[in-house]
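In the numbering used here, the protein residues as written are 2 to 405. No residue lacks a Cβ here, since even glycine has one placed at the ideal position from N, Cα and C. Predicted model only: the values in this text are computed from it and were never measured.
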């Protein structure tokens, strides 16, 4: 049986453990998830203690970390060596970028414990704004990780291409985010609509309220819609540092009464809020060192049979084109955004066709079963390349590999 240690800070919360729970259902894989004991959300600064898995209490172990909440700086300070000694993994998969200290930490440990190391990559834009010293440190960490790892799992082709430009020459598999199509589905939410006074056509957004998400363009677009005498409400689900600027612009353009703010909502409630919408818009704009890495909310909305409208930033157009569940507009183009919203508002048959195609595509391409099958194939491929060292394929910590 293959033993796989997953190192994943997002799995502090049980809701984010689902992918690995699904992977652990395979009889030829034993999975253990190592998570930070405490994590601080970068959105609401909430302090979260790690959660055990309710279906498999032995699936998750925790350790204290330095810099809890900083994805690009954290690393473990205890319980990681003990975990490796007890579990004896064949493969360690650190689900974060190769330039982060946690990946470097387990790259060194993987060599010591005779395990194969994998990492993930979602970054799809060169980080030109990182200061010189930090950039140098990250480059050095990446070089060590590239040399000591066996394979990478990239979220998109852009992320894969960026790894190649950085010099990673080993195998890279492109595997998307999964979504739970049993949890995200069409449902009646009359009570929630009544709570927010949603009676007209509902244009929706779900995510953090930040500049790179293009929300100021969306506010300008709905101001143009108002001049067309369109009956609509804009539902903004989420919280963030841009909220005050959004409110100020809405007041300036005279559309404040058209907007409903929900504030931050728990992820498990996301399907109910998505089902309040007739159309989901993701108007992200490319920044000097960032562009949309995937747009998970797109496939979550499609799973709920909600048509989507997304900008052409980063991976958004690729997701929409692959699924057929929505339309695309040029990022930052307020006029085109307004016109595409109007088109979808006025053409109910088009919305239905997009919604149906989106749901079918998400369940066949992005379900947890499909995505974890792809991950399993990668792990088996890596394991098949692993040289037999010592009894049961494990070498003792500190033992030299005599086959080299």
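C-beta atoms of residue i and residue j nearer than 7 Å
i: residue 169; j: residue 147; result: yes
i: residue 54; j: residue 62; result: no
i: residue 8; j: residue 95; result: yes
i: residue 92; j: residue 121; result: no
i: residue 308; j: residue 355; result: yes
i: residue 260; j: residue 251; result: yes
i: residue 103; j: residue 75; result: yes
i: residue 29; j: residue 70; result: no
i: residue 204; j: residue 235; result: yes
i: residue 330; j: residue 337; result: yes
Status (buried if at least 16 other CB within 10 Å, exposed otherwise) for residue i
i: residue 97; result: buried
i: residue 293; result: buried
i: residue 249; result: exposed
i: residue 386; result: exposed
i: residue 4; result: buried
i: residue 232; result: exposed
i: residue 317; result: buried
i: residue 289; result: exposed
i: residue 301; result: buried
Proximity to residue i [Cα-Cα], best of the options
i: residue 18; options: 334, 74, 324, 181; result: 181
i: residue 6; options: 65, 242, 82; result: 82
i: residue 80; options: 72, 65, 90; result: 65
i: residue 195; options: 156, 149, 277, 369; result: 277
i: residue 222; options: 14, 99, 334, 51; result: 334
i: residue 101; options: 209, 73, 377, 90; result: 73
i: residue 258; options: 280, 227, 361, 242; result: 227
i: residue 210; options: 269, 374, 284, 204; result: 284
i: residue 241; options: 254, 253, 224, 263; result: 263
i: residue 14; options: 127, 47, 86; result: 47
i: residue 332; options: 268, 217, 365, 183; result: 217
i: residue 164; options: 326, 365, 127; result: 127
i: residue 371; options: 27, 10, 11; result: 27
i: residue 31; options: 41, 59, 38, 10; result: 59
i: residue 282; options: 269, 38, 312, 253; result: 312
i: residue 109; options: 175, 142, 345; result: 142
Integer Cβ distance of residue i from residue j, believed to fall under 8 Å
i: residue 409; j: residue 239; result: Missing from the structure shown is residue 409; the chain here goes from 2 to 405 and no further.
i: residue 351; j: residue 341; result: Between residue 341 and residue 351 the Cβ distance is about 11 Å, and since that is not below 8 Å, they are no contact.
i: residue 88; j: residue 33; result: 5 Å
i: residue 359; j: residue 324; result: 5 Å
Legend entry - beta strand (DSSP E) segments (min. 3 residues) lying fully within the region 264-322: Counting whole runs of 3 or more residues, the region 264-322 contains the beta strand (DSSP E) stretches 280-283, 309-312.
Legend entry - Residue ranges of each alpha helix (DSSP H) within the region 117-193, 4 or longer: Those alpha helix (DSSP H) runs which fall completely within the region 117-193 and span 4+ residues are 133-149, 158-167.
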